[in-house]
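Asker:
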Amino acid sequence: MVGIKDIAKKAGVSISTVSYALNGSPKVTEKTRKRIMTIANELNYIPNMAARTLKTRETKIIGVYLTNYGGIFYGTLLEGLTQTLYKHGYELIACSGTKTHRFLPEKMIDGAIILDANFPSNEILNYANRGHKLVVLDRELTHENVCQVLLDNKGGATLAIDYLSTNFKGDFYVITGPDDSYDARVRLETAKQELARSGDKKVHIIEGDFSEESGEKAAAMIAKNWKAPVSVFALNDNMAIGMYRYFAGTDLQIGKDVRIIGFDNTDISEYLVPRLATIEYSKYKWGAVAADKLVELLEGEETENEIIYTTRISGPSVSNN
């Protein structure tokens, strides 16, 4: 591998001069910098990130750890992260799997944003104890080096159940998410609490995993047992989309026989017929706030946990006539 010694030898200058030129230092003239950069390109020189990190103690790269639940969820969130970090001089890499956890102790990244149920909390706290800066989007952790930016799942689930309950006395169904998802657990517990408050509602819980396929399976179970109009809270839009697909092949009508509300307001929701009622929040803001919080931690500024609030998007998939 070509190093700065090779560039210095060919250019007939010192190693320090090459280093200054490669790093844009004003200690060398523009003419010298251009000549050295030309030689570096001719030799196919690639900077050694590990060596640079040892010197500067930073990479200006942030890792975001994601759980792959599929669907179209992550795009806008990543846009908020990427654009906000770029404004602060950082770049983003998406990480998946346990091997990439080593990026933190090996200092390949300066900090991490975590939305990954498979990243153990005790491991996160262990890294925090070592001084690593982290932002979590999917759990509650208290540590001076950890900041939380969580969705208001409780408020969103309450809005969903209130909407489904208006002018409705029939059976309720809740389609759950993955057991290891913090968001799914809070939405489920809140929905059960809200439905229990009325005391006269018959509630059925069907297991799902945030995928469209699990929504189709849930719809099949509902169709099999259907006797009168029912209300359904799908804990994310992907599962609601799967339910639409299944009911399209039956005589049951969404909005009349089966009233459905989702969660996330994914882009496709507004194009479903009838339009899917859902719970909305800004995924871009979620990513942008998380990025800002991590930069504050990295720069030693005071920071506080934050909540991303939710609103309800009404739609004819829930008829309250």
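Residue numbers for the sequence shown follow UniProt numbering, so the first one is 1 and each next one is one higher.
Note that the Cβ used here is the ideal one computed from N, Cα and C, for glycine as well.
Using three-state DSSP, classify Val273 as helix, strand or coil.
Answerer: DSSP places Val273 in coil when its eight states are reduced to three.
Asker: Kindly list the residues whose CB is nearer than 7 Å to the CB of Gly215, restricted to its own chain and excluding five residues on each side of it in sequence; keep chain order.
Answerer: Answer for Gly215: Ile175, Gly208, Ala234, Asn238, Met239, Ala240, Ile241, Gly242 and Met243, listed in chain order.
Asker: Could you tell me if Thr56 is buried or exposed, where buried requires 16 or more neighbouring beta carbons within 10 angstroms of its beta carbon?
Answerer: For Thr56, the pLDDT reaches just 49, beneath the cut-off of 50, and the residue's location in the model is therefore unreliable, although a value from the coordinates is still provided. Burial call: exposed.
Asker: Using the rule of at least 16 other Cβ atoms within 10 Å of the residue's Cβ for burial, across every protein chain shown, is Pro105 buried or exposed?
Answerer: Label assigned to Pro105: exposed.
Asker: Which residues in the same chain as Ile279 place their Cβ atom closer than 8 Å to its Cβ, once the five residues preceding and following it in sequence are excluded?
Answerer: Same-chain partners within the cutoff: Gly156, Ala157, Leu159, Ala160, Ile261, Gly262, Phe263, Asp264, Asn265, Thr310, Thr311, Arg312 and Ile313.
Asker: Are Val2 and Tyr65 closer than 8 Å when you measure CB to CB?
Answerer: In this structure, Tyr65 does not lie closer than 8 Å to Val2 by Cβ.
Asker: Leaving out five residues before and five after Ala11 in sequence, what residues of the same chain have Cβ atoms less than 6 Å from its Cβ?
Answerer: The residues are Ile36 and Ile39.
Asker: Just confirm the distance between the C-beta atoms of Val186 and Ala290, as a whole number of angstroms; I'd bet it's less than 8 Å.
Answerer: With a Cβ gap of about 18 Å, Val186 and Ala290 do not count as contacting.
Asker: What are the boundary residues of the beta strand (DSSP E) that includes Gln148?
Answerer: Unbroken beta strand (DSSP E) run through Gln148: Val146 to Leu151.
Asker: Beta-carbon within less than 6 Å of Asn153's beta-carbon, same chain only, minus the 5 sequence neighbours each way: which residues are those?
Answerer: Here the set comprises Asp183, Val186 and Arg187.
Asker: Could you give the DSSP three-state label for Pro178: helix, strand or coil?
Answerer: Of the three classes helix, strand and coil, the one that applies to Pro178 here is coil, per DSSP.
Asker: So, helix, strand or coil for Leu134, using DSSP?
Answerer: DSSP places Leu134 in strand when its eight states are reduced to three.
Asker: Can you tell me where the beta strand (DSSP E) with Ala112 in it begins and where it stops?
Answerer: From DSSP, the beta strand (DSSP E) with Ala112 extends over Gly111 to Leu115.
Asker: Looking at Gly97 and Lys285, is the spacing between their C-beta atoms short of 8 Å?
Answerer: No, the Cβ-Cβ distance between Lys285 and Gly97 is not below 8 Å.
Asker: Could you pull the start and end residues of the alpha helix (DSSP H) that Tyr284 belongs to?
Answerer: Lys283 to Leu298 is the extent of the alpha helix (DSSP H) around Tyr284.
Asker: Which residue comes first and which comes last in the alpha helix (DSSP H) that contains Trp242?
Answerer: Looking at the sequence shown, residue 242 is not Trp but Gly. Counting along the chain, the alpha helix (DSSP H) containing Gly242 begins and ends at Asp237 to Phe247.
Asker: Where Ala8 and Asn41 are concerned, what is the direct C-alpha to C-alpha distance, given to the nearest angstrom?
Answerer: Computed Cα separation, rounded: 13 Å.
Asker: DSSP state of Gly63, grouped into three classes?
Answerer: In the structure shown, Gly63 sits in a strand (DSSP, three-state: E or B).
Asker: Terminal residues of the continuous beta strand (DSSP E) containing Ser231?
Answerer: It spans Val230 to Ala234 - the beta strand (DSSP E) in which Ser231 sits, taken as one unbroken run.
Asker: Within the continuous alpha helix (DSSP H) that includes Thr82, where are the two ends?
Answerer: That run of the alpha helix (DSSP H) goes Tyr74 to Lys87.
Asker: Here's the rule I'm using: 16 or more other beta-carbon atoms within 10 Å means buried, otherwise exposed. How should Thr17 be labelled?
Answerer: Buried, because 16 or more other Cβ atoms sit within 10 Å of the Cβ of Thr17.
Asker: Out of curiosity, what's the CA-to-CA distance linking Val318 and Thr303?
Answerer: In a straight line, the C-alpha of Val318 is about 40 Å away from that of Thr303.
Asker: Are the beta-carbon atoms of Asp162 and Val230 separated by less than 8 Å?
Answerer: Contact: no.
Asker: Can you pull the DSSP bridge partners for Phe172?
Answerer: According to DSSP, which records beta bridges pairwise, Phe172 is partnered with Val203 and Ser231.
Asker: Check whether the region 215-228 touches the region 191-198, counting contact only when three or more Cβ pairs, one atom from each stretch, lie closer than 8 Å.
Answerer: These segments do not touch.
Asker: Whose C-alpha, out of Asp292, Ser282 and Ser14, is nearest the C-alpha of Val135?
Answerer: The candidate whose alpha carbon is nearest that of Val135 is Asp292.
Asker: Measure the CB-CB distance between Asp110 and Leu276 and report whether it falls below 8 Å.
Answerer: No. Outside cutoff.
Asker: Is the Cβ-Cβ distance between Leu181 and Ala117 less than 8 Å?
Answerer: It should be noted that the sequence gives Ser, not Leu, for residue 181. The answer is yes: Cβ separation under 8 Å.
Asker: Just curious, the beta strand (DSSP E) that Glu280 is in, first and last residue?
Answerer: Taken as a continuous stretch (DSSP letters only), the beta strand (DSSP E) holding Glu280 covers Thr278 to Glu280.
Asker: Can you tell which of Asp267, Glu296, Pro316 and Val295 has the C-alpha that lies nearest to the C-alpha of Pro274?
Answerer: Among Asp267, Glu296, Pro316 and Val295, the Cα nearest to that of Pro274 is on Pro316.
Asker: At the level of alpha carbons, what is the spacing between Ile254 and Tyr173?
Answerer: Their backbone Cα atoms lie some 14 Å apart in a straight line.
Asker: Which residues in the same chain as Asn68 place their Cβ atom closer than 7 Å to its Cβ, once the five residues preceding and following it in sequence are excluded?
Answerer: For Asn68, where only same-chain residues beyond five positions count, the Cβ hits under 7 Å are Ser96.
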